[in-house]
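First comes the structure, then the notes that go with it.
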Amino acid sequence: MPNKLLTTSVFALLFCCLITAQEKNKKKETLPEAIVADSLVKIEKPINPLSPAKAAFYSAVLPGLGQAYNKRYWKIPIVYGGLATGVYFYTTNNKEYNRYRDAYKSRLAGLTTDEFYFDVQGNQLTTPRVSTDGLQRGQKFYKRNKEISLLVTLGIYALNIIDANVDAHLMQFNVDENLSLVPHFKMNEIDRTSNLGLTLNFNF
């Protein structure tokens, strides 16, 4: 009987100790709010896969708007400067082409009243300043320049869209110090020649 009483007492004591230990462990797991707030890690901005497409769409609708969406405001004057230059040369060459074409049509009709039959003061000349063959060559020259100016303008417009798309991609590109590509210089110990190369470092 005393052995049973002793055994029961020992088990009761151990059970109480276990319960107390569990309560202490639970208290240790709960950290103060100040410590939790200090240990918060800054979460990076999530990657938006639609951002490049959105930037390209904005630049297609209005040139420079995609650059503004990417916060590359310094590129907007470059875009409009390129487009304005292309449009200027197109309109200038188109105007000259129309001058030579109208004069050529007048010559074909047998008239001598086109602008090339007059000098700067407005006096009529016996022989035109530009011959009929010259009018044909002028039309070809300005037509070719007009087409080139149009192609350049369209190319700048397309580059504006591509730049906005690529820039939006690069903004989300992971630039990490653990991944680096650096040049290296190494001396060959056998023939004492120097070797240049690139080293790709990736740290886990």
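Residue numbers (mature numbering (1 follows the signal peptide of the UniProt record, and there is no 0)): -21 to -1, 1 to 183.
C-beta: ideal position from N, C-alpha, C; glycine also.
One or two residues paired with residue i in a DSSP bridge
{"i": "F97", "result": "Q103"}
Residue nearest to residue i in terms of C-alpha spacing, selected from the options
{"i": "L41", "options": "H148, T172, N139, K165", "result": "N139"}
{"i": "E126", "options": "F36, Y96, N144, Y76", "result": "Y76"}
{"i": "A57", "options": "G89, F97, L87, T132", "result": "This sequence places Ile at residue 57; Ala is not what is there. Minimum Cα distance to I57 is reached at T132."}
{"i": "L104", "options": "T111, R116, F95", "result": "F95"}
{"i": "D112", "options": "Y136, K84, N124", "result": "K84"}
{"i": "F120", "options": "S173, W53, Y79", "result": "Y79"}
{"i": "L29", "options": "S173, N144, N167, E168", "result": "N144"}
{"i": "T71", "options": "P107, T172, R123, P31", "result": "R123"}
{"i": "S117", "options": "A137, T106, K74", "result": "A quick correction: the sequence has Gly, not Ser, at residue 117. Of A137, T106, K74, the residue nearest in Cα terms is K74."}
{"i": "residue 185", "options": "N27, T106, Y59", "result": "Outside the shown range of the chain (-21 to 183) lies residue 185, about which nothing can therefore be said."}
{"i": "N27", "options": "K54, N167, T172, M150", "result": "M150"}
{"i": "L90", "options": "K50, T106, D170", "result": "T106"}
Within 9 Å, strictly: CB atoms of residue i and residue j
{"i": "A147", "j": "G43", "result": "no"}
{"i": "I141", "j": "L62", "result": "no"}
{"i": "D98", "j": "D81", "result": "no"}
{"i": "R86", "j": "L114", "result": "yes"}
Cβ separation of residue i and residue j, assumed to be a contact under 8 Å, to the nearest whole Å
{"i": "Y37", "j": "Y52", "result": "Their Cβ separation, rounded to whole angstroms, is 14 Å, which puts Y37 and Y52 out of contact at 8 Å."}
{"i": "G65", "j": "S128", "result": "6 Å"}
The ligand GDP heavy atom lying under 8 Å from the CB of residue i
{"i": "A34", "result": "Absence of the ligand GDP is noted for the structure shown, with no ligands found whatsoever."}
Minimum Cβ-Cβ distance from residue i to chain C less than 9 Å
{"i": "A35", "result": "Absence of chain C from the displayed structure is noted, only one protein chain being present."}
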